[in-house]
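Sequence lines, in order, name chains C and S.
Residues in the first sequence are numbered consecutively from 94, following the working numbering.
Residues in the second sequence are numbered consecutively from 1346, following the working numbering.
Beta carbons: idealized from backbone N, C-alpha and C, even for Gly.
As the structure is a prediction and not an experimental result, all values here were calculated from the model.
The structure appears right after this line, and notes come after that.
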Amino acid sequence: MKPDAIVVGAGIVGAACADSLARRGLRVLVLERGIPSGGTTGAGMGHVVVMENPEVEFQITSYSLRLWRELAAELPPDCEDDGCGTLWLAEDDEEWQHARMQADAFHARGLEAELLSPRALADFEPALRAGLAGGLYLPADRVVYPPAVTRFLLDRVIARGGELRLGAEVREAGGREVLGAFGRLEAGVVINAAGAWAPEITKGLPIEPRKGHLVITDRYPGLLRHQLVELGYLKSAHGNAAASVAMNVQPRRTGQILIGSSREFVGWNAQIDRGVRARMIQRAVSFVPALSGLNVLRSWVGFRPATPDKLPLLGFWEDGLAIDAGHEGLGITLAPASGEIVADLVTGARPAIDSSPFDARRSLVHA
Amino acid sequence: MRDERPSLLAERWNRGDHALRESITGEPRGALCAMGSCFECRVTLDGLAHVRACMVDGSPPLHAEVPARCEVAVVGGGPAGIAAATVAAEHGATTLLLDESARPGGQIWRHRGEAPKDARSWLDRLARSGAKVASGATVFDATTDGERALFVDLGGRTVKVAFEQLILATGARERFLPFPGWTLPNVVGVGGAQALVKAGADFTGRRVVLGGTGPLLLAVAALLTRAGAEVLCVLEQAPASRLAQFGWQLARSPRRLLDAMRYRLALSSTPYLTGGYVVRAEGDGRVEEVILRARGGDTRLRCDVLAVGFGLVPNLELPRHLGCTVSEGFVTVDQRQETSRASVFCAGETIAIGGAPAALIQGEIAARAATGAEIPRALLTARDRERRFADRLKRAFDLRPELRALATPDTIICRCEDVRARAIDPAWSARQAKLYTRVGMGPCQGRVCGPALEFLHGWSADSVRPPLKPVTTHALEVEA
């Protein structure tokens, strides 16, 4: 029997989309060429973060954060959901002024945001070096372990009568059908949630792989209390510089410290670039000197699916084919909201927020 | 210079501190491998967390002078590496031997103070050869893009070493298989027990049960007996019939037969049970009793130490990282010991588990090949003969299927992350298991659970991600 929807890609975005569809009563078939979370989902940081601007990013990230809060109550322990919040760090006065404006903006929206002076910062996060201009604490942000969340969502899809097929490589995703080594499969609608690989199966999608490095340490419980991100991160994420690094350090529930981040467009070069990794680490150490002496267990590379305007593609690409891909560094954050928006769009319902900025067919040109 | 001080691990052992740490779910843990692979013996030393007590040698810290380039780099200071570095240097190449331990010898020639008899002439020759020996040096990364360089951690200082020829002699470590109670303190490896004795741990009067497989069982039982331990019994999982065949074939290697006979003599009053294995270890905070299964019956035995190990597995992290072809769990090399990567040679246990004689010969062949020296036919013949011995060894001590069924759902499989058997679905791929349970994602980087999972579920190691051994963040801050 023909499924109502085929979702291509069992990363967190595909899983959340399938979950949203299944909850609306659709019979969903999820096709994954490798293993669930085997792509960007398994390589990333698991940060669930609200972005204050631009406005459209605020709308979708805050919508998604609300969904994450609801989901948190149901997630099993292995998802390691942690409401530790994000501490944005200002290095200089310019960034401090920016932080102040951000705090005002959050308050104006009725959301919690706490400005921290250098003294307060030292109490709040003792491992930070002295001499920072201040910080902005957003308590609503979370950290999760994405592969476990993906698994949970896929289990929910299956519990609702859906199906997950692993080792099913789609070669072409088109309107109401997919082609692969398995032959041809039809559905009421197809959703391409293949992330950085989405353009391989749907020609013309404006998504490029944006390489990032990460490093994880052994367990050092209590060293850091919050996810730490430098305000300069925003410049890195929204820019298109050759190889940029920005401090993004996350204590995991295990006590391990995940150190990031780097961004560069070098195609699919999955080799670790020692120079970039070194700069990334230097940046992190410049904020948290104690990181220097920690044992590193592993370092690796991942590819963020990046669109020219850094916003995901959500919605119909052509008749019978929708896209849920291109989330750059916000894949984890936006998975629930993207799933809901796409599920609404393909079932003819109105999404909870204005989804037109994310229209998959919007005019986009890669820099 | 002779140094008789025991390792920190041995010191703690002698003080009766068998539990050195608590696992992440609160289990008391002590050393297992005692040779730097398992990370179970980690302690906080001088404010620094996760220091392996077995690697803290009594001698003062080394500050090796490591050159930025050499003609021949040798990684691993066991017999293969010692022979390779010696012969390469003797043939005029600027040679650097990089070894993680406090002094060369690897596992089989591990010593403090006086070196074992077999090792002495080689160590003297190494000292005279002109090869530079860097001890306390951990190779944690290597370039893979055409450039020829290694990244070495010297206890906090990182050095990049360029080479023209590379000889990998990274040796082997023990294979551990999970069974109920295997994580109790004083359950150590067979090689682990050997390493403990050699590092200065006192076994006088300790009641020891040995189990597992391989000639190492007998050698270590004899060593422990000489060290004053009361070896209660030795359990070899291989059946008597296979051992008899192997014994008969041993007759073709007179020296090895002599070894075997010497061991048997040393243990003449110790029960040696074939076709037997430990099914369970029990105790409060440490092993106090073991249940043995042999000839269809189970027996309980009270003991102080259980030393159990199931053969050796090669250390393939560096060869894999360099892209050397690995086949059936060993590095593939040609007649000259060269791997699939040009100018990268491999010798010793990473080619086949065959012990010191094979390692020495292969190390020499690799050095001659790397320096363009002639390789005498006699050497090749000797190597091939040793290889046949290694093959016989493998067949004789093949693991019996019952060993797959020892773990219960509650048994810990991954000791770093405390992942129990019930959390792992055999239907998964290795990668799925890692993502879902974090098995193999701890400080031992899969060195303990990896071979176990391969035996249990057929999962082979996938891609290697640097650093190849844990190093500090600081070591990675240095730009390449």
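Interface flag, residue i vs chain S, CB-CB below 8 angstroms
| i | result |
| --- | --- |
| Ala460 (chain C) | Note that Ala460 (chain C) scores a pLDDT of 48, beneath 50, so its modelled location is shaky; the value from the coordinates is reported in the next line. It does not: the Cβ of Ala460 (chain C) has no partner Cβ on chain S nearer than 8 angstroms. |
| Pro240 (chain C) | yes |
| Gly255 (chain C) | no |
| Val342 (chain C) | no |
| Thr310 (chain C) | yes |
| Leu387 (chain C) | yes |
| Gln364 (chain C) | yes |
| Val439 (chain C) | no |
| Val378 (chain C) | yes |
| Leu246 (chain C) | no |
| Trp290 (chain C) | no |
| Gln375 (chain C) | yes |
Closer than 8 angstroms to chain C by CB, residue i
| i | result |
| --- | --- |
| Trp1358 (chain S) | no |
| Arg1810 (chain S) | yes |
| Pro1771 (chain S) | no |
| Arg1776 (chain S) | yes |
| Tyr1781 (chain S) | yes |
| Asp1490 (chain S) | yes |
| Thr1695 (chain S) | no |
| Val1816 (chain S) | yes |
| Glu1662 (chain S) | no |
| Leu1393 (chain S) | yes |
| Val1504 (chain S) | no |
| Pro1788 (chain S) | yes |
| Arg1347 (chain S) | For Arg1347 (chain S), the pLDDT reaches just 42, beneath the cut-off of 50, and the residue's location in the model is therefore unreliable, leaving the point undetermined. |
| Leu1821 (chain S) | yes |
Residue range of the unbroken beta strand (DSSP E) whose run includes residue i
| i | result |
| --- | --- |
| Ser354 (chain C) | 349-357 |
| Ser431 (chain C) | No beta strand (DSSP E) contains Ser431 (chain C), which is instead part of the alpha helix (DSSP H) from 424-439. |
| Tyr230 (chain C) | 227-231 |
| Arg1647 (chain S) | 1642-1647 |
| Tyr1617 (chain S) | 1617-1619 |
Minimum C-alpha distance to residue i - residue among the options
| i | options | result |
| --- | --- | --- |
| Thr1615 (chain S) | S:Phe1734, S:Leu1563, S:Ala1697 | S:Leu1563 |
| Asp1729 (chain S) | S:Val1678, S:Leu1588, S:Val1689 | S:Val1678 |
| Pro170 (chain C) | C:Thr347, C:Ala399, C:Leu208, C:Glu262 | C:Thr347 |
| Pro444 (chain C) | C:Arg455, C:Arg303, C:Ala430, C:Gln195 | C:Ala430 |
| Ile425 (chain C) | C:Lys95, C:Asp97, C:Val106, C:Pro96 | C:Val106 |
| Thr133 (chain C) | C:Gly441, C:Ala335, C:Leu307 | C:Leu307 |
| Ala206 (chain C) | C:Phe217, C:Ala220, C:Leu229, C:Arg212 | C:Leu229 |
| Arg340 (chain C) | C:Ala415, C:Ala192, C:Ser155, C:Gln375 | A small correction: the amino acid at residue 340 (chain C) is Met; Arg does not occupy that position in the sequence shown. Taking only the C-alpha atoms, the option nearest Met340 (chain C) is C:Gln375. |
| Phe409 (chain C) | C:Pro450, C:Gln364, C:Arg397 | C:Pro450 |
| Arg269 (chain C) | C:Val121, C:Asp412, C:Cys110 | C:Asp412 |
| Leu231 (chain C) | C:Leu158, C:Tyr313, C:Ile446 | C:Leu158 |
| Thr1340 (chain S) | S:Leu1813, S:Arg1473, S:Thr1818, S:His1819 | Because chain S in this structure spans residues 1346 to 1825, residue 1340 (chain S) falls outside the shown range and cannot be described. |
| Gly1620 (chain S) | S:Met1606, S:Gly1556, S:Val1565 | S:Gly1556 |
| His1819 (chain S) | S:Leu1738, S:Val1478, S:Thr1503 | S:Thr1503 |
CB-CB length for residue i against residue j, believed under 8 angstroms
| i | j | result |
| --- | --- | --- |
| Pro1815 (chain S) | Val389 (chain C) | 6 angstroms |
| Val342 (chain C) | Leu321 (chain C) | 5 angstroms |
| Ile294 (chain C) | Glu265 (chain C) | 6 angstroms |
| Pro1758 (chain S) | Pro1523 (chain S) | In the sequence under discussion, the amino acid at residue 1758 (chain S) is Ile, which differs from the Pro named in the question. Ile1758 (chain S) to Pro1523 (chain S), Cβ: 5 angstroms. Contact. |
| Gln1707 (chain S) | Ala1425 (chain S) | 6 angstroms |
| Arg249 (chain C) | Ala115 (chain C) | 7 angstroms |
| Leu1637 (chain S) | Val1623 (chain S) | 6 angstroms |
| Ala108 (chain C) | Leu247 (chain C) | 5 angstroms |
| Cys172 (chain C) | Val242 (chain C) | 5 angstroms |
| Ser1692 (chain S) | Gln1682 (chain S) | This sequence places Ala at residue 1692 (chain S); Ser is not what is there. 5 angstroms between Cβ atoms; contact. |
| Arg1745 (chain S) | Thr1756 (chain S) | That pair is no contact at about 18 angstroms. |
According to DSSP, residues forming a beta bridge with residue i
| i | result |
| --- | --- |
| Thr1440 (chain S) | S:Val1417 |
| Ala1487 (chain S) | S:Leu1495 |
| Cys1691 (chain S) | S:Leu1513 |
| Lys344 (chain C) | It should be pointed out that residue 344 (chain C) corresponds to Pro in this sequence rather than to Lys. C:Ile350, per the DSSP bridge assignment. |
| Gly107 (chain C) | In DSSP, Gly107 (chain C) forms no bridge with anything. |
| Ile1757 (chain S) | S:Arg1765 |
| Cys1578 (chain S) | S:Val1554 |
| Asn1660 (chain S) | None; Asn1660 (chain S) has no bridge partner. |
| Asn388 (chain C) | S:Thr1817 |
Continuous alpha helix (DSSP H) stretch holding residue i: start and end
| i | result |
| --- | --- |
| Trp1804 (chain S) | Run containing Trp1804 (chain S): none; DSSP gives neither H nor E here. |
| Val369 (chain C) | 367-380 |
| Tyr1781 (chain S) | 1775-1782 |
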